[in-house]
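*Asks:* Quick one: structure below, then a few questions.
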Amino acid sequence: MAAYEDAGIRGLGASAAKGRPPDSIPSTERPMRAIFPAALLVGLTGTLFLSACEREGQQNDGPAQATLAAAPTLERRPFGTTADGQQVELFTVTNATGMKVSFTNYGGVITAIEVPDRRGTVEDVTLGFDSLQGYLGEHPYFGSLIGRYGNRIARGRFTLDGKEYRLAVNNGPNALHGGRRGFNRVIWSAEPFQNDSSAGAVLTYTSADGEEGYPGTLRTSVTYTLTNDNSLSFTYRATTDKPTPVNLTQHAYFNLAGDGEGDILAHRLQLNASRFTPVDSTLIPTGELASVKNTPFDFTQPVSIGARINQPDQQLKFGGGYDHTWVLARQGEGLVPAARLHEPESGRVMEILTTEPGIQFYSGNFLDGSITGRAGHVYQHRYGLALETQHFPDSPNKPAFPSTILRPGEEYRSQTVYRFSVEGAAPR
Ligand code: GLA
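Residue numbers (the working numbering): 108 to 535.
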């Protein structure tokens, strides 16, 4: 805890510090090649993803191998000013393979993830805007850091220790993604760091008691780390002075063919989950953990997202496509493989590992061409997808779900890793 209290005090004025990020989990600094096999040993989980990993062993890592020793670099620059005059910065981390990640301390928004395809062509694989102005306007959480509570809480109400709390209702009858001014719309203090194998920043924010209706002063830190093996990791920490629900996540939208390059229906997705959380018509879980077997929700093997998305299935109808949480196969705690996303034409692959119990797969169903983003790209229906690692929606009202309640004296800890690679040799 002391570590991020320090980070909060040092704040934006600090220049990039050499060495370990103040609140890093040491294991994140181990090369993912070491973490991944370890994670694979976790029960059934591993078996499902083993074949993908074996394929990955044969992948074309291109120039990565030759330059692995170079230290990642970090640049910071002004990124504009908010309506109330607060200065915002943009951080760009570049690793030894040329992978680049940019993020801003406004809402912890990831503004770009640039990775090579199997031909070596580097493209941004996230949806977003060219400038701060776009992020200040209305948009569906592009690149956003979500808090205090990722996804929905029914009717914006929950009862904790006998007391009812009311949150802003900002999505039909429900509360979504932390409220009107969630963590995606606040200014975070940012302390950059660089060392031999990774670079990034520790973002800290103290949410006041009662903010958006949530009890307790929540001291939050989120560390974004890019390593030389093309892994981008998110380490979340929080403490509170009153019991309160916490469910932090990242809401980047991906299109592995490249931003603006059509819809995501040909992407192949594998999820390490044999159950999901069915929802009602307002996308609140019913409380059931249903089997995916013989349903369009079965991603236990890699399947094209578009293969079954239009089937006459009531759950697909409620979501307008996929917009559900999958229950990750895990035994105990620790990082487990959650998802593997592959875009066949570019060959780009993104694997997600997490300590969370669930992953929300949202197939960009609400994108409808009304938003023009980066480089004039018009975001049509399903031009991007989100894979949000999290606890289950509406957990504060579902006692049988894994608890999201953080109490004084406890520390909220969560970690998610996105690992990028390519599958298939470059064409001659
Ligand atoms: C989440 C929700 C979706 C939608 C998006 C943002 O993924 O589950 O229903 O609200 O965020 O547009």
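Heads up, the beta-carbon is just placed ideally off N, CA and C, and yes, glycines get one too.
(1) Please list, in chain order, all residues of the same chain as Glu368 whose beta carbon is under 7 Å from its beta carbon, the five residues on each side excluded.
(2) Starting from the C-beta of Ala523, find all residues in its chain whose C-beta is less than 6 Å away, skip the five residues before and the five after it, and write them out in chain order.
(3) What does a CB cutoff of less than 8 Å around Arg273 pick up in its chain, not counting 5 residues either side in sequence?
(4) How long is the line joining the alpha carbons of Tyr256 and Gly428, rounded to whole angstroms?
(5) Count the other CB atoms, across all protein chains shown, that sit within 10 Å of the CB of Tyr525; report buried if there are 16 or more and exposed otherwise.
(6) For Ala190, which three-state DSSP category applies?
(7) If you compare alpha carbons, which of Val329, Ser521, Ala219, Asn281 is closest to Glu440?
(8) Apart from the five residues just before and just after Asn277, which ones in its own chain have a Cβ nearer than 7 Å to its Cβ?
(9) Rounded to whole angstroms, what's the CA-CA distance from Arg375 to Val410? Just pull it up for me.
(10) Rounded to a whole number of angstroms, what is the C-alpha to C-alpha distance between Tyr312 and Thr327?
(11) In chain order, what residues of the same chain have a beta carbon less than 7 Å from the beta carbon of His246, not counting five sequence neighbours either side?
(12) Here's a check: name, in chain order, each residue in its chain whose Cβ is nearer than 6 Å to the Cβ of Thr202, leaving out the five neighbours to either side.
(13) Looking only at DSSP bridge pairs, what is Glu230 linked to?
(14) Buried or exposed: Asp316, going by 16 or more other Cβ atoms within 10 Å of its Cβ?
(15) Alpha carbon to alpha carbon, how far is Leu492 from Ala275? Give it in angstroms, no decimals.
(16) If you compare alpha carbons, which of Asp231, Ala507, Leu423, Ala373 is closest to Ala414?
(17) Taking the continuous beta strand (DSSP E) assigned at Leu465, which residues delimit it?
(18) Can you tell me where the alpha helix (DSSP H) with Phe425 in it begins and where it stops?
(19) When you compare the CB positions of Asp366 and Asp231, do they come within less than 7 Å of one another, or not?
(20) Which residue marks the beginning of the beta strand (DSSP E) containing Leu435, and which one marks its end?
(21) Roughly how many angstroms lie between the CA atoms of Ser502 and Phe186, to the nearest whole one?
(22) Let me make sure I understand the geometry here. Which of Val195, Ile217, Val229, Asp191 has the alpha-carbon closest to that of Thr204?
(23) Near Pro385, which residues of its chain fall below 6 Å by C-beta distance, leaving aside the five closest residues on each side in sequence?
(24) Per DSSP, what kind of secondary structure is Glu518 in: helix, strand or coil?
(25) Could you pull out every residue in the same chain whose Cβ sits closer than 6 Å to the Cβ of Ala345, ignoring the five residues on either side in sequence?
(26) Buried or exposed, going by whether 16 or more other CB atoms sit within 10 Å of the CB of Ser528?
(27) State whether the segment 449-469 contacts the segment 428-437, with contact taken as three or more CB pairs (one from each stretch) at a distance under 8 Å.
(28) Let me confirm a value: Lys400 is counted as buried when at least 16 other C-beta atoms fall within 10 Å, else exposed. Which label applies?
(29) Would Tyr360 and Phe236 qualify as a contact pair, given that the criterion is a beta-carbon distance under 7 Å?
(30) Can you give the Cα-Cα distance for His488 and Asp370, rounded to whole angstroms?
(31) Less than 7 Å between the beta carbons of Val222 and Thr211, yes or no?
(32) Residue ranges of each beta strand (DSSP E) run of no fewer than 3 residues wholly in the segment 378-406, ordered along the chain?
(33) Quick one: which unbroken beta strand (DSSP E) runs of 3-plus residues sit fully inside the segment 339-379? Chain order, please.
(34) How would you call Val485, buried or exposed, if buried means at least 16 neighbouring beta carbons within 10 angstroms?
(35) Distance check for Ser338 and Ser304, CA to CA, integer angstroms please.
(36) Pull up the CB-CB distance for Asn291 and Gly214, whole angstroms please, since I reckon it's below 8 Å.
*Replies:* On the basis of the supplied data:
(1) Asn362
(2) Ala is not the amino acid found at residue 523; the sequence shown has Thr there. The answer, listed in chain order, is Phe341, Thr461, Thr496.
(3) Gly263, Arg264, Gly320
(4) 23 Å
(5) buried
(6) coil
(7) Nearest C-alpha to Glu440: Ser521.
(8) Leu283, Gly286, Arg287
(9) 5 Å
(10) Near 5 Å, if we compare the C-alpha coordinates of Thr327 and Tyr312.
(11) Ile478
(12) The sequence given here has Asn at residue 202, not Thr. Closer than 6 Å at Cβ, skipping near neighbours: Pro179, Leu333, Asn335.
(13) Val222
(14) exposed
(15) Spanning the two alpha carbons is a distance of roughly 26 Å.
(16) Ala373
(17) The amino acid occupying residue 465 in the given sequence is Gly; Leu does not appear at that position. Gly465 -> beta strand (DSSP E) spans 465-469.
(18) 421-426
(19) yes
(20) 430-435
(21) 36 Å
(22) Val229
(23) Thr393, Glu395, Ala397, Gln422
(24) coil
(25) Leu325, Thr327, Val353, Tyr519
(26) By the 10 Å Cβ count, Ser528 comes out buried.
(27) Cβ pair count under 8 Å is three or more, so yes.
(28) Counting Cβ neighbours within 10 Å, Lys400 comes out exposed, since fewer than 16 surround it.
(29) No. Outside cutoff.
(30) Spanning the two alpha carbons is a distance of roughly 7 Å.
(31) no
(32) 380-384
(33) 356-358, 375-378
(34) Counting every other CB atom within 10 Å of its CB across the protein chains shown gives Val485 a total below 16, marking it as exposed.
(35) 11 Å
(36) Distance from Asn291 to Gly214 at the Cβ level is roughly 4 Å; contact confirmed, criterion being Cβ atoms closer than 8 Å.
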